[in-house]
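Residues in the sequence shown are numbered consecutively from 44, following the numbering used here. Glycine included, C-beta positions come from ideal geometry on N, C-alpha and C.
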Amino acid sequence: MNKKTQRIDTEVLHSQKKANNRLKLSAKTWFIVAVIGQWMFAVYVAGIYWLSALQGKFAQWDKVVPKGFVKGDTMGNTAMIVHMLLAFVVIVGGPLQFVPGIQRKYPKFHRWNGRVYMVMVFLVSSAGLYMAWAKGGIGGPFQYASSTLSTILIFSFGILAWRTAIQRKFKAHNRWAFRLFLAGIGVWFARLGFMSWIIIHKVLGYNHKPYWPHFYDIWSFGQYVLPLLMFEIYYRTLEKSGKSRKYAVMSVLYFLTFLTIVGIISATIILWIPRLSMI
Numbered sequence: 044m045n046k047k048t049q050r051i052d053t054e055v056l057h058s059q060k061k062a063n064n065r066l067k068l069s070a071k072t073w074f075i076v077a078v079i080g081q082w083m084f085a086v087y088v089a090g091i092y093w094l095s096a097l098q099g100k101f102a103q104w105d106k107v108v109p110k111g112f113v114k115g116d117t118m119g120n121t122a123m124i125v126h127m128l129l130a131f132v133v134i135v136g137g138p139l140q141f142v143p144g145i146q147r148k149y150p151k152f153h154r155w156n157g158r159v160y161m162v163m164v165f166l167v168s169s170a171g172l173y174m175a176w177a178k179g180g181i182g183g184p185f186q187y188a189s190s191t192l193s194t195i196l197i198f199s200f201g202i203l204a205w206r207t208a209i210q211r212k213f214k215a216h217n218r219w220a221f222r223l224f225l226a227g228i229g230v231w232f233a234r235l236g237f238m239s240w241i242i243i244h245k246v247l248g249y250n251h252k253p254y255w256p257h258f259y260d261i262w263s264f265g266q267y268v269l270p271l272l273m274f275e276i277y278y279r280t281l282e283k284s285g286k287s288r289k290y291a292v293m294s295v296l297y298f299l300t301f302l303t304i305v306g307i308i309s310a311t312i313i314l315w316i317p318r319l320s321m322i
């Protein structure tokens with residue numbers, strides 16, 4: 044191998060490494076934005092549900108949830124309490140599993156937090172599924188089917204994450220755990236998607252209402268299918284693809300980060316702050 048060939052190979056490797064690093068940075072940027080948004084949502088959950096629960100004022104949940112706390116409906120009310128109160132643990136604890144510093148310096152906390160998170164997300168999703176089918180909601184059949192598929196995915200990803208951890212296949216474990224994380228925050232993605240849809244239409248001068256029912260049905264599934272699909276594209280691109288595709292996926296991730304920011308700000312201003320003032 045002559046010096047010219049060696050130089051070209053070195054440049055190619057450097058170029059690939061640079062593309063990899065930039066793709067990873069775009070993913071980290073989205074994750075940081077998402078964590079900030081989720082913890083803002085956690086403040087809302089604590090302010091609406093935990094504060095009312097500590098005061099014994101469960102009836103106040105009816106102000107923000109259709110068919111929320113129904114007198115005499117023991118099963119439905121229990122499911123509501125489990126779903127709303129434990130969701131706080133899921134929202135706050137989930138992101139901590141993917142902080143490299145915590146994984147390295149506090150492995151015992153990482154393991155126990157992961158176990159608690161998995162149990163909590165199983166309970167929250169099961170309670171949500173019961174509420175969708177037994178109590179009904181505003182979404183109709185699409186929402187019921189979406190809740191069912193979401194719960195199936197959550198249990199499947201959780202079991203596979205646990206299984207690969209036991210087998211010490213940590214690379215596979217991290218992937219299954221992140222899939223569980225994405226599926227487990229579908230309700231957060233739902234709110235961001237709805238708000239982004241409304242705000243973007245308003246900015247462009249279009250009326251969002253004519254197509255709202257169709258978007259609602261589509262996004263009932265899209266709220267977790269799209270993030271999971273994007274994760275698969277990102278992971279496979281990072282592992283095997285050339286630099287052109289890496290830069291393309293990086294651009295998509297930054298665009299999705301922008302939409303995430305729009306959704307977080309819109310949901311905070313339009314949904315969460317006004318509802319907190321109602322309690």
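State yes or no: is the C-beta of residue i within less than 8 Å of the C-beta of residue j?
| i | j | result |
| --- | --- | --- |
| L235 | A188 | no |
| V167 | H216 | no |
| L128 | M293 | no |
| S95 | W104 | yes |
| S239 | F185 | no |
| I134 | F84 | yes |
| Y278 | R218 | yes |
| F232 | P270 | yes |
| A122 | F112 | no |
| L299 | W73 | yes |
| K151 | M321 | no |
| F258 | R222 | no |
Report the three-state DSSP secondary structure of residue i (helix, strand or coil).
| i | result |
| --- | --- |
| N156 | helix |
| N250 | coil |
| I91 | helix |
| I75 | helix |
| D105 | helix |
| R211 | coil |
| Q98 | coil |
| G285 | coil |
| Q140 | coil |
| K151 | helix |
| K114 | coil |
| G80 | helix |
| G171 | helix |
| G183 | coil |
If residue i and residue j are in contact, beta carbons under 8 Å, what's the gap, nearest whole angstrom?
| i | j | result |
| --- | --- | --- |
| I241 | H251 | 5 Å |
| P138 | V88 | That belief does not hold up - the Cβ atoms of P138 and V88 are roughly 15 Å apart, past 8 Å. |
| Y267 | A226 | 5 Å |
| V164 | I197 | 6 Å |
| V76 | T280 | Not really, about 20 Å apart at Cβ, beyond 8 Å. |
| Y249 | A62 | Incorrect: roughly 37 Å between the Cβ atoms, too far for contact. |
| S69 | K286 | Contact flag wrong, Cβ pair sits at about 14 Å. |
| I35 | G80 | An answer regarding residue 35 cannot be provided, because it is not within the stretch 44 to 322 covered by the chain. |
| M273 | W205 | Not confirmed; about 24 Å, so no contact. |
| W93 | F131 | 6 Å |
| G136 | V159 | 7 Å |
Is it buried or exposed for residue i, if we count other Cβ within 10 angstroms and need 16 for buried?
| i | result |
| --- | --- |
| Q140 | buried |
| M174 | buried |
| G171 | buried |
| T194 | buried |
| Y297 | exposed |
| R147 | exposed |
| M118 | exposed |
| S190 | buried |
| F301 | exposed |
| V246 | exposed |
| G99 | exposed |
| G339 | For residue 339 there is no data in the structure shown, the boundaries of the chain being 44 and 322. |
| F224 | buried |
| G144 | exposed |
| F237 | buried |
| I228 | buried |
Quiz item: Hey, which unbroken runs of the beta strand (DSSP E) at 3 residues or more fall wholly within the region 186-231?
Solution: Here no run is fully enclosed.
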